[in-house]
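The block underneath contains the structure these notes are about, expressed in structure tokens.
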Amino acid sequence: MIAAPNRPARPALTILATTAILSCTILYAQQAQQPLPTGRPITAAPVDPAIAAALAQVSPDHIKATITKLVSFNNRSTLSSMDTDLAPNTGVNAAADWIESEFESISSACNNCLEVKRDTFTEPASTAPNARITKPTKISNVYAVLRGTDPAQAPRMVLVTGHYDSRNSTNANTHDPAPGANDDASGVAVSLESARVLSKLKFPSAIVFVAVAGEEQGLNGSAHLAKLAHEENWQLEAVLNNDIVGGDTTPGNTTPPNIQDKTTVRVFSEGIPANTTPNQLRAIQTLGAEGDSPSRELARAIVDVGATYFHPTSQHSPIPPGSRVHNNLMRMIPAFHPVLIFRRDRFLRGGDHSSFNQEGFAAVRFTEWAENFDHQHQNVRVENGTQFGDLLQYVDFNYVANVARLNAATLATLASAPGQPQNVHILTTALDNNTELTWQAPVGAPTSTTYEVVWRETDQPTWTDSASAGAALTLKLAVSKDNVVFAVRSVDPAGHRSIAVLPTPERGQRPPTTRPANQ
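Those letters in the sequence shown? Residues -29 to -1, 1 to 490, by mature numbering (1 follows the signal peptide of the UniProt record, and there is no 0).
Here it is in structure tokens:
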């Protein structure tokens, strides 16, 4: 029997190192074999109790009082700002003074939390054919700013607006009644009511509540304010324009397309941005992003907010007349919700959101489902048994309250959420059926910010699927970039989501994926 040679014992440190290498190799192999995520259907964000409580404070009675007061100024034509023969407490100047006083009153109730301002300027006379302003005219935009509480995020802003001027059948008529109850005292009521209920809360970023003039003469007031925002470098992430949101209640409108749907409000958004350059247009066409402008992504965010704060309700089905049978059947009442209209505005009409679009801001328009044109831009009169004029009696104050709640919920959500991800890219370095996206953290975003990749098939209007990236600044998915539209949004620990950002193709080296320090 031959004895085995004596072997020196292997040092313990060598054994440990070898074991560690083997463990890392096995772990890497296991990770490499794990399938890439494929996402899951999108669900509604969690309800923020503070926002829900604020929405519960929206008052149809308060909205009615606001619209009634604005109607009392008789004729709020922007051109009346230069008239010296108006009766006391009438005309556009009196209306502006009252709106300013309302903002001041709201501010007093929240320990002067609002900065109340006026953007006043003189619109020069126009000599163009069919000009609506034929002499120098003073125009005042009245607004209030609720400043953000986080110094790193306070420069970010979201804005809500409606126009307080009105008109009747004749643009130059400044004396005969032009009540403008729906067009657009209803929109101003949304702005004021949003200020009233949201001023009781604090948000990381700012909210601006606005009432503009000069809309009926060519969007003059909003054009001036939008240019001011551009020139002063406002970090304006969203503009919500409310124009004709009174839910017209004309009796007898019982046949399509005149039936008013009190569960819906239209949200108009532009496709290709108004300020797109030729080079940008080519990039949009290459990417197939004609339906993914910043305004369109804002509209989708409004849908997202609506799903969180509005839910279907149930009630007993009506009992047929004369029936003696007790009815236990229930029917579902649809939740109030936005309907996305993928165009900038209605035919032959325009709105103040377009002024902000022209300056490169994301902006949308809220408008009731079915408009009654007998009650817009009409002299108050009865003709062949038909009542004309934009009268208070045709406004549904409960409907306006729902529009105000949707606006307020959107403003509060976006003002609470982190900023939008920056430099979002979809990597196209090689032919691959998977998808990899990268992005950078928003300026000033808290370190607790996480990110969510969302997508939809190219023929779908809203986001349908999502995958969380956690705090990482990159995510790879087993979903083909050729078949869907992707975007990335920021999320805070409470579930507030930013507006999603469409990626641009990136063929170079991957950017760093480590999270930068809080900026």
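The beta-carbon is built from N, C-alpha and C at its ideal position, and this holds for glycine as well.
When you compare each of the options to residue i by their alpha carbons, which one comes out closest?
{"i": "Ala96", "options": "Gln188, Trp434, Asp403, Asn405", "result": "Gln188"}
{"i": "Asn369", "options": "Glu354, Val29, Val353, Asp361", "result": "Val29"}
{"i": "Asp19", "options": "Asp453, Gly390, Ala383", "result": "Ala383"}
{"i": "Ala306", "options": "Asp323, Pro283, Thr248, Leu130", "result": "Pro283"}
{"i": "Phe457", "options": "Pro474, Gly466, Ala442", "result": "Pro474"}
{"i": "Gln206", "options": "Val414, Asn139, Val424, Val425", "result": "Val414"}
{"i": "Phe313", "options": "His324, Arg302, Arg267", "result": "Arg267"}
{"i": "Thr357", "options": "His346, Asp367, Val366", "result": "His346"}
{"i": "Lys233", "options": "Ser240, Thr221, Leu50", "result": "Thr221"}
{"i": "Ala272", "options": "Leu258, Glu477, Val462", "result": "Val462"}
{"i": "Gly331", "options": "Asp275, Thr248, Trp340, Ala388", "result": "Thr248"}
{"i": "Val276", "options": "Pro6, Ala16, Tyr365", "result": "Ala16"}
{"i": "Ser52", "options": "Gly119, Lys88, Thr145, Ala465", "result": "Thr145"}
{"i": "Thr257", "options": "Thr91, Asn139, Ile243, Pro265", "result": "Ile243"}
{"i": "Val238", "options": "His324, Leu172, Ala160, Ile255", "result": "His324"}
{"i": "residue 491", "options": "Leu377, Lys198, Leu169", "result": "The chain is shown from -29 up to 490; residue 491 falls before or after that span and cannot be answered."}
{"i": "Leu41", "options": "Gln251, Ser193, Tyr365, Val159", "result": "Val159"}
{"i": "Cys81", "options": "Asp316, Lys198, Lys106, Lys171", "result": "Lys171"}
{"i": "Leu130", "options": "Val424, Ala200, Ala438", "result": "Ala200"}
Do you know how far the Cα of residue j is from the Cα of residue i?
{"i": "Arg47", "j": "Leu26", "result": "30 Å"}
{"i": "Gln349", "j": "Arg320", "result": "15 Å"}
{"i": "Glu202", "j": "Phe327", "result": "12 Å"}
{"i": "Asn112", "j": "Gly360", "result": "25 Å"}
{"i": "Gln393", "j": "Tyr280", "result": "28 Å"}
{"i": "Cys(-6)", "j": "Trp410", "result": "Bear in mind that the predicted position of Cys(-6) carries a pLDDT of just 45, short of 50, making it unreliable; the figure below should be weighed with that in mind. Rounded to whole angstroms, Cys(-6) to Trp410 spans 29 Å at the Cα level."}
{"i": "Thr406", "j": "Arg460", "result": "17 Å"}
{"i": "Ile215", "j": "Val395", "result": "36 Å"}
{"i": "Asp403", "j": "Glu477", "result": "14 Å"}
{"i": "Lys452", "j": "Pro432", "result": "17 Å"}
{"i": "Gly185", "j": "Phe174", "result": "31 Å"}
{"i": "Glu94", "j": "Arg468", "result": "39 Å"}
{"i": "Ala209", "j": "Val179", "result": "10 Å"}
Buried or exposed: residue i, going by 16 or more other Cβ atoms within 10 Å of its Cβ?
{"i": "residue 499", "result": "Residue 499 lies beyond the residue range present for the chain, which begins at -29 and ends at 490; the question has no answer from this structure."}
{"i": "Asn212", "result": "buried"}
{"i": "Ala416", "result": "buried"}
{"i": "Gly441", "result": "exposed"}
{"i": "Arg336", "result": "buried"}
{"i": "Pro122", "result": "exposed"}
{"i": "Gly151", "result": "buried"}
{"i": "Gln231", "result": "buried"}
{"i": "Pro6", "result": "exposed"}
{"i": "Pro464", "result": "exposed"}
{"i": "Gly223", "result": "exposed"}
Identify whether residue i lies in helix, strand or coil by the three-state DSSP scheme.
{"i": "Gln490", "result": "Residue placement at Gln490 is poorly supported in this model, since its pLDDT is 42, which falls under 50; the coordinates still yield a value, given next. Coil at Gln490, not helix or strand."}
{"i": "Lys447", "result": "strand"}
{"i": "Asp361", "result": "coil"}
{"i": "Pro476", "result": "strand"}
{"i": "Pro309", "result": "strand"}
{"i": "Asp56", "result": "coil"}
{"i": "Glu330", "result": "coil"}
{"i": "Leu(-14)", "result": "Annotation note: pLDDT 42 at Leu(-14) (below 50); position unreliable, coordinate value reported separately. DSSP places Leu(-14) in helix when its eight states are reduced to three."}
{"i": "Ser387", "result": "helix"}
{"i": "Ala465", "result": "coil"}
{"i": "Gln251", "result": "helix"}
{"i": "Thr406", "result": "strand"}
{"i": "Leu398", "result": "strand"}
{"i": "Lys106", "result": "coil"}
{"i": "Leu366", "result": "One point to set straight first is that residue 366 is Val, not Leu, in the sequence displayed. Val366: coil per DSSP, three-state reduction."}
{"i": "Arg267", "result": "helix"}
{"i": "Thr14", "result": "coil"}
{"i": "Val353", "result": "strand"}
Just confirm the distance between the C-beta atoms of residue i and residue j, as a whole number of angstroms; I'd bet it's less than 8 Å.
{"i": "Val181", "j": "Ser162", "result": "6 Å"}
Is the Cβ of residue i closer than 8 Å to any Cβ of chain D?
{"i": "Val462", "result": "Within the model displayed, chain D is absent; a lone protein chain is all it includes."}
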